[in-house]
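In the working numbering, the protein residues as written are 383 to 521. Glycine included, each C-beta is placed from N, C-alpha and C at the ideal position.
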C-alpha cells in the first residue's frame with residue numbers, strides 16, 4: 383500500500399516573484415475597524431441622550447393671530463411631576479415661511495404632569511400657523 387502526501391507546489395525560482403511563507407494577519411485594519419465601531423457607539427449614545435425619546439412631549443392645541451405682528455400659541459406639555467420644560471415655538475405664514483420663533487420655559491404646578499400654556503410669538507409678517515417644535519427639560 384502506497385502512501386500519498388499533499389505537499390505545497392514547487393515553483394521555479396525567480397519566475398513568480400517572492401512567495402511569503404505563512405499568512406499575515408491584517409492587524410492595522412482590525413484596530414482601525416474597532417476604533418471606528420467604538421467611536422460610532424459613543425456618538426450614538428450621546429446623541430440619543432440629547433435628542434432621543436424624552437418625557438417632555440409638547441402638543442399644539444391652537445393659535446390666534448390678533449394682529450399682523452403677533453401670534454398667540456396655545457399648547458400642552460407632558461412633564462414629570464412638578465417639572466419644567468423649555469419649548470421652542472414657531473409661527474409660519476400662509477406660504478410656510480417662518481415669520482417668528484421663540485423659546486419659552488413653562489413650569490408645572492406641584493405634583494402636576496401636564497402644563498397648559500398660552501404664549502405670544504412676535505412675528506415679522508402676518509402668521510397663519512403656530513407650531514410647537516419640541517420640548518426638553520428646563521435647566
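**Request:** Identify the continuous alpha helix (DSSP H) that holds residue 422 and give its terminal residues.
**Result:** 409-433
**Asked** Unbroken beta strand (DSSP E) runs of length 3 or more, entirely within the segment 441-474: which are they?
**Response** 452-460, 466-474
**Prompt:** Are residue 513 and residue 474 closer than 8 Å when you measure CB to CB?
**Reply:** yes
**Request:** Hey, could you find the ends of the beta strand (DSSP E) residue 477 is sitting in?
**Result:** No beta strand (DSSP E) contains residue 477, which DSSP labels as neither H nor E.
**Request:** Just tell me which of 414, 433, 439, 452 has its CA closest to the CA of residue 510.
**Result:** 452
**Item:** Contact set for residue 483: own chain, Cβ-Cβ below 6 Å, skip 5 residues either direction
**Value:** 472
**Request:** Would you kindly check if the distance between the Cβ of residue 500 and the Cβ of residue 522 is under 8 Å?
**Result:** What is shown of the chain runs 383 to 521, which leaves residue 522 out entirely.
**Item:** Bridge-paired residues (DSSP) for residue 514
**Value:** 471
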